[in-house]
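If you number the sequence shown the way our numbering does, the last residue is 569 and the count never jumps.
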Amino acid sequence: MAMASPANKKKPKSNQTPESQFSYNLNFYSKSKDLHSAISLYDTAISQNTRLNQHNFNTLLYLCSISLNDPSTKDLSLQYGFRVFDHMVSNGIKPNEASITAVARLAAAKGDGDYAFDLVKNIGVYNELPRLRTYDPALFCYCENLEGDKAYEVEEHMGRMGVGLEEGEIAALLKVSVETRREDRVYGYLQKLRKMVRCVREETAKVIEHWFGIFEGNGVELDVGLVREAVSRNGGGWHGLGWIGKEKWVVRRGSVNAGGKCCCCGEQLVSVDIDDDETERFAESVAGLAMEREVKANFSEFQNWLEKHANYEAIMDGANIGLYQQNFAEGGFSISQLDAVMKDLYNQSRKKRPLIILHNKRLRTLLQNPSTRELIQEWMEKDVLYTTPHGSNDDWYWLYAAVKLRCWLVTNDEMRDHIFELLGSDFFVKWKERHQVRYTFVKGNLELQMPPLFSIVIQESENGSWHVPVAGDGNDSPQSWLCVSRARSCDALEEASSMEESKDSNDSRCNSKLPTFGRPESLASCKHKLHSRDSFQESDDKITAMTGKRKERSPSPS
């Protein structure tokens with residue numbers, strides 16, 4: 012086999028060893044993806060007893076694995092790929108994860124998923140850990156061959172090794188489950204897609220369409236209250252109780268209007284929150300980090316206080332709002348901006364005042380100023396101001412309160428500081444999208460920028476219907492929606508939709524109302540029913556909310 016001899020290739024130094032010359036030439040052929048020349052070089056090296064290292068073997072394996080898609084080089088890739096790997100092992104060179112991944116790809120190309128999976132299962136012999144790409148050859152091979160049980164075994168092994176699925180893997184598992192009519196598995200993978208991605212790819216959407224086109228099984232009949240409780244507990248947008256309903260599925264492509272109403276069936280989509288368990292873990296995580304960085308007695312006092320006062324639907328980052336656009340010569344802390352936000356939220360949230368979190372150093376200054384003293388005293392009398400102690404970081408306080416009480420957080424803080432990075436980016440971003448209220452003042456007029464009225468994610472409704480956003484090219488914005496509903500519920504929704512068409516037109520433009528995260532009842536009602544505490548006492552004529560009065564604060568340790 013003749014080797015290529017590129018004209019622009021630099022000549023190696025004359026004093027190089029055979030091993031270094033081999034490495035130099037092999038790296039060149041690897042960059043140009045020239046398998047034939049690399050194989051010829053390898054054969055020559057073997058005939059001359061040139062010693063190869065791990066990098067050399069991995070480069071050859073990599074070249075073989077990426078040449079599988081070319082029909083002109085596939086046979087050569089398979090022939091030499093396994094020969095190179097056997098040579099590597101027989102020479103006592105330890106394969107690493109890259110080596111195993113390349114050989115697993117070769118095995119899958121031969122249709123031998125078992126060998127590809129055995130390589131992964133035995134990777135620990137080499138003190139290596141598998142990655143997602145290490146599992147992919149076996150997983151996709153089994154799925155393509157409709158060997159569902161073996162594909163599920165790969166998924167279980169991934170879970171034990173802490174390797175998570177992505178859309179491509181879930182879609183493959185979904186497809187093999189569809190083709191083998193495993194309806195419980197299909198339901199489970201739809202839920203995994205819901206949790207994993209915002210908008211599904213077109214090829215994934217086609218698998219979902221195919222399933223609902225052939226699925227004739229009946230769902231369970233569940234108590235409406237049970238389903239609603241599950242939806243509320245999960246944060247809205249899904250119940251996870253299985254297929255619901257018995258009528259034929261109606262599958263359509265369409266759109267969702269600005270207010271979240273499906274233009275195919277008329278169903279209202281919702282704003283989806285993190286679920287109850289996630290919320291509790293999130294609150295515990297924030298509290299744990301705060302305890303490490305704050306005076307423990309102070310933050311513990313705040314936590315105990317919140318247990319007794321939990322009737323707010325919004326928390327205000329006082330410093331952020333008061334200092335907004337105040338970076339000019341006469342600028343200072345704007346109490347009027349705080350007051351404007353306070354009144355707007357009060358009018359929107361069924362006459363419930365939000366809580367202002369403010370550092371006590373600012374409180375002292377405001378109380379000393381006659382022009383602001385009266386308003387501050389009014390807030391304190393109405394129990395809507397909480398001041399954080401000297402030496403504290405008020406970020407921990409307003410974040411913890413918003414998470415613990417499951418309410419809005421009014422701030423323009425992007426929360427990108429290192430303290431927020433400790434909370435985990437993916438989870439934190441999801442929470443911010445559902446809870447953060449931004450604001451602006453245009454010529455002194457307040458504009459609140461509320462969270463989206465509905466979430467662009469897969470949604471499973473109380474009546475068992477599904478709405479799946481399908482991604483456009485290269486972004487997370489849906490190009491279309493897949494609407495899947497039962498025939499009877501679909502007809503009922505369309506009838507209700509036509510009766511309220513004019514009303515919905517107005518609703519789609521109302522971006523100043525506070526959504527309830529898709530829960531069937533108000534946020535405050537759900538909190539009371541699902542997370543009631545003995546200390547929760549509600550009254551029609553008095554707000555038992557978080558107070559700004561600081562009584563007998565424990566002194567900070569010196």
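Don't be surprised by glycine CBs; every beta carbon is placed ideally from N, CA and C.
Where residue 195 falls, given that 16 or more other Cβ within 10 Å makes a residue buried: Exposed, since its Cβ has fewer than 16 Cβ neighbours within 10 Å.
Backbone CA spacing between residue 82 and residue 53 [nearest angstrom]: When rounded, the distance between both Cα atoms is 21 Å.
Distance cut-off 7 Å: residue 442 Cβ against heavy atoms of the ligand COA: Because no ligand of any kind appears in the structure shown, any question about the ligand COA cannot be addressed here.
Coarse secondary structure for residue 254, derived from DSSP in three states: Coil at residue 254, not helix or strand.
Cβ pair count under 8 Å reaching 3, the segment 486-496 against the segment 254-274: Remark: three or more beta-carbon pairs, one from each stretch, lie closer than 8 Å, so the segment 486-496 and the segment 254-274 are flagged as touching.
CA nearest to the CA of residue 278, picked from 147, 472, 424: Taking only the C-alpha atoms, the option nearest residue 278 is 472.
Residue 72 and residue 103 closer than 8 Å at C-beta: Not closer than 8 Å, so no.
Secondary structure of residue 418, DSSP reduced to three states: Correct three-state label for residue 418: coil.
Beta-carbon proximity list for residue 507, same chain, < 7 Å, skipping 5 on both sides: Since pLDDT at residue 507 reaches only 48, below the 50 mark, its modelled position is unreliable, and the value read off the structure follows with that caveat. So the list reads 277, once near-sequence residues are dropped.
Separation of residue 443 from residue 210, as counted between CA atoms: If you take the alpha carbons of residue 210 and residue 443, they lie about 19 Å apart.
Coarse secondary structure for residue 134, derived from DSSP in three states: The DSSP-derived three-state label of residue 134 is helix.
Residue from 289, 31, 109, 57 whose Cα sits closest to the Cα of residue 439: Closest by alpha carbon: 289.
Which listed residue (43, 30, 66, 78) has its alpha carbon closest to that of residue 55: The residue with the shortest Cα to Cα distance from residue 55 is 30.
7 Å Cβ shell around residue 431 - same chain, five flanking residues per side excluded: Excluding sequence neighbours, residue 431 sits near 439.
Within the segment 219-298, ranges of the beta strand (DSSP E) (whole runs, at least 3 residues): Listed in chain order, the beta strand (DSSP E) elements of length 3 or more contained wholly in the segment 219-298 are 260-265.
Reference residue 460, options 356, 338, 394, closest by Cα: Selected option, being the one with the closest Cα: 356.
Other residues of its chain near residue 450: CB distance less than 8 Å, five sequence neighbours each side excluded: Counting only Cβ-Cβ distances below 8 Å, and skipping sequence neighbours, we find 332, 335, 352, 421, 423, 457, 458, 459, 460.
Chain C within 8 Å of residue 385, Cβ atoms only: Absent from the structure: chain C. Only one protein chain is present.
Reduced DSSP secondary structure (H/G/I, E/B, other) of residue 471: Here residue 471 sits in strand by DSSP.
Residue span of the alpha helix (DSSP H) that contains residue 189, given as start and end: Here the alpha helix (DSSP H) through residue 189 covers 178-190.
Span of the beta strand (DSSP E), counted from its first residue to its last, around residue 83: Judged by DSSP secondary structure, residue 83 falls outside any beta strand (DSSP E); it is assigned neither H nor E.
Between the CA atoms of residue 244 and residue 152 - distance to the nearest angstrom: Approximately 38 Å, taken between the alpha carbons.
Alpha-carbon to alpha-carbon, residue 68 and residue 84: CA-to-CA, the gap between residue 84 and residue 68 works out to about 18 Å.
Identity of the residue in 120, 363, 140, 406 nearest residue 330 by Cα: Closest option to residue 330, judged by alpha-carbon separation, among 120, 363, 140, 406: 406.
Whether residue 482 touches residue 212 by CB criterion (8 Å): Yes, the pair counts as a contact, with Cβ atoms nearer than the cut-off.
Residue 260 beta carbon less than 8 Å from that of residue 226: In this structure, residue 260 lies closer than 8 Å to residue 226 by Cβ.
Contact check, residue 140 vs residue 183, beta carbons under 8 Å: In this structure, residue 183 does not lie closer than 8 Å to residue 140 by Cβ.
Residue range of the alpha helix (DSSP H) that includes residue 391: Here the alpha helix (DSSP H) through residue 391 covers 381-392.
Close-in-space but distant-in-sequence residues of the same chain around residue 181 (CB under 7 Å, 5 per side omitted): Cβ within range, chain order: 200, 203, 204, 207.
Span separating the alpha-carbon of residue 346 from that of residue 247: Cα-Cα distance, rounded: 36 Å.
Extent of the continuous alpha helix (DSSP H) to which residue 323 belongs: It is not in any alpha helix (DSSP H) - residue 323 carries neither H nor E in the DSSP assignment.
CA-to-CA distance, residue 111 to residue 133, given in whole angstroms: In a straight line, the C-alpha of residue 133 is about 10 Å away from that of residue 111.
Boundaries of the beta strand (DSSP E) in which residue 478 is found, first to last residue: From DSSP, the beta strand (DSSP E) with residue 478 extends over 477-482.
One or two residues paired with residue 456 in a DSSP bridge: In DSSP, residue 456 forms a bridge with 453.
For residue 496, the residue or residues it bridges with in DSSP: For residue 496, the beta-bridge partners assigned by DSSP are 261.
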